[in-house]
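Asks:
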Amino acid sequence: MTHPHLLVETHGPVRTITLNNPDRRNAQTPSLWAALADEARAVGDDIRVVVLRGAGVSFSAGIDTAMFSPEGVPGEERMDQIAASGVDAAERAIATYQEGFTAWAQCPAVVIAQVHGHAIGAGFQLALAADLRVAALDAWFAMRETSLGLVPDLGGTGPLVHLVGYARALEMCATGRPVTAPEAHSIGLVNSIVPAANLAEATQSLVDGILFTSRDAVRALKPLLRAAIDNDAAEQAGAERSAQVPLLMGRTASPA
Ligand code: CAA
709 MTHPHLLVET HGPVRTITLN NPDRRNAQTP SLWAALADEA RAVGDDIRVV VLRGAGVSFS
769 AGIDTAMFSP EGVPGEERMD QIAASGVDAA ERAIATYQEG FTAWAQCPAV VIAQVHGHAI
829 GAGFQLALAA DLRVAALDAW FAMRETSLGL VPDLGGTGPL VHLVGYARAL EMCATGRPVT
889 APEAHSIGLV NSIVPAANLA EATQSLVDGI LFTSRDAVRA LKPLLRAAID NDAAEQAGAE
949 RSAQVPLLMG RTASPA
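Under this note's numbering, think of the first position of the sequence shown as 709, with each following residue one higher.
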């Protein structure tokens, strides 16, 4: 076990990582983010799909709000300590936290967030860190940071704007309002929505679809499509060629 609130199970090429602190709605802490970054970096070529999910009634209700209290969370930095550490140290601390989210983009497997119940603040941002999102109809998303006088800073702003556009992202983050699963689906925030009772089955069906295709092609596809977000047309055409040639050569080398 890498962290007391993280459950990691591997079945063949599929790894399921469960946030496992249901009594606190899978509230997140810096040590959890460090463990998530370690998990993302530990995904090797044998794993083709990673599923991120939450135990209990929530995907995750975000940062453990006790980190803002004078008592804090035992064993974790308090937010007032981070704020008092100075600009450079505070930015370094946040950069470390962000790795628990941004590291999933670099991981070779396709990462699916299986979201039910609440995905608030850091929980919403963890869902955004995945490549794909499958949501239960009972799920709702809320970027609550502005209610705490803060901005989303765990890698979520880029994917959010990319998925739903600047104006929708601004409205969601500026108000902190809940976004229901049907709305999230209609604006492209989640790939699919299903009744809560069918959520695991829907995730499995997506996993099966990914496992059905070529491992090497999907491994090349993820960085190729991610690069398309920032590349201009010529750069992306070059990236397509670079991804394709080794695959073509591999096909030619294999017996029919
Ligand atoms: N941190 C710590 N504990 C939390 C928590 C959180 N984020 N969310 C819920 N809990 C705890 C509650 O304190 C409660 O504990 P007790 O049983 O000991 O009282 C337990 O989980 C159950 O919570 P509720 O009774 O409130 O459960 P609910 O189902 O009625 O409501 C909820 C669930 C809507 C998620 C509500 O708990 C809630 O609004 N939580 C706070 C959400 C929040 O504001 N998160 C921070 C967002 S900002 C962020 O994440 C990013 C950042 O960097 C600032």
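Where is the CB? At the ideal position from N, CA and C, for every residue including glycine.
Just the C-alpha distance for V706 and V926, rounded to the nearest angstrom, thanks.
Replies: In this structure the chain extends from 709 to 964, so residue 706 is not present and cannot be described.
Asks: Identify which residue in I901, R756, G831 has its Cα closest to the Cα of T718.
Replies: Along the sequence shown, read from residue 1 onward, the residue named residue 718 stands at position 10. It is R756.
Asks: Quick check on this structure: which residue in A763, G863, E784, S766 has the alpha carbon closest to the alpha carbon of T737?
Replies: Mapped onto the sequence shown, residue 737 falls at position 29. Taking the Cα of T737 as reference, the smallest distance to any Cα among A763, G863, E784, S766 is reached at E784.
Asks: Run through the segment 803-836 for me and flag every whole beta strand (DSSP E) of 3 or more residues, listed as ranges in chain order.
Replies: Assignment of beta strand (DSSP E) within the segment 803-836, counting only whole runs of 3 or more residues, yields 818-823, 826-828 in chain order.
Asks: Do V898 and A910 have their CB atoms nearer than 8 Å?
Replies: Mapped onto the sequence shown, residue 898 falls at position 190. Mapped onto the sequence shown, residue 910 falls at position 202. Taking 8 Å as the Cβ cut-off, V898 and A910 do not qualify as a contacting pair.
Asks: Buried or exposed: where does E779 fall if 16 or more other Cβ atoms within 10 Å of its Cβ makes it buried?
Replies: What you label residue 779 is simply residue 71 of the sequence shown in a count that begins at 1. Exposed is the call here.
Asks: Kindly indicate the opening and closing residues of the alpha helix (DSSP H) around I725.
Replies: Counting from one through the sequence shown, the residue named residue 725 turns up at place 17. I725 -> not in any alpha helix (DSSP H); beta strand (DSSP E) instead, spanning 722-727.
Asks: How is the alpha helix (DSSP H) around V751 delimited, first residue to last?
Replies: Translated into the one-based positions of the sequence shown, residue 751 becomes position 43. No alpha helix (DSSP H) contains V751, which DSSP labels as neither H nor E.
Asks: Based on DSSP bridge pairs, tell me the residues matched to F849.
Replies: Looking up residue 849 in the sequence shown gives position 141. In the DSSP output, where bridge partners are listed per residue, F849 has A827, V887.
Asks: Provide the residue span of the beta strand (DSSP E) that contains R733, from first to last.
Replies: As a working note, residue 733 is residue 25 in the sequence shown. Unbroken run through R733: none, as it is neither H nor E.
Asks: Taking only three categories from DSSP, how would you classify R786?
Replies: Taking the first residue of the sequence shown as position 1, residue 786 is located at position 78. DSSP places R786 in coil when its eight states are reduced to three.
Asks: Considering Cα atoms alone, identify which of S777, P782, V722 is closest to D788.
Replies: As a first step, residue 788 must be located in the sequence shown, where it is residue number 80. When only C-alpha atoms are compared, the closest one is S777.
Asks: For the ligand CAA, is there a heavy atom less than 7 Å away from the beta-carbon of S766?
Replies: Position 58 of the sequence shown holds residue 766. The answer is yes for S766.
Asks: Flag this pair as yes or no: are the beta carbons of G884 and S855 separated by less than 8 Å?
Replies: Here residue 884 corresponds to residue number 176 of the sequence shown, with the count starting at 1. Here residue 855 corresponds to residue number 147 of the sequence shown, with the count starting at 1. Yes, the Cβ-Cβ distance between G884 and S855 is below 8 Å.
Asks: Starting from the C-beta of R761, find all residues in its chain whose C-beta is less than 6 Å away, skip the five residues before and the five after it, and write them out in chain order.
Replies: Looking up residue 761 in the sequence shown gives position 53. Closer than 6 Å at Cβ, skipping near neighbours: T726, Q822.
Asks: On the CB-based measure, 16 or more other CB atoms within 10 Å of its CB, does M880 come out buried or exposed?
Replies: By 1-based counting over the sequence shown, the position of residue 880 is 172. Looking at its Cβ environment, which holds 16 or more other Cβ atoms inside 10 Å, M880 is buried.
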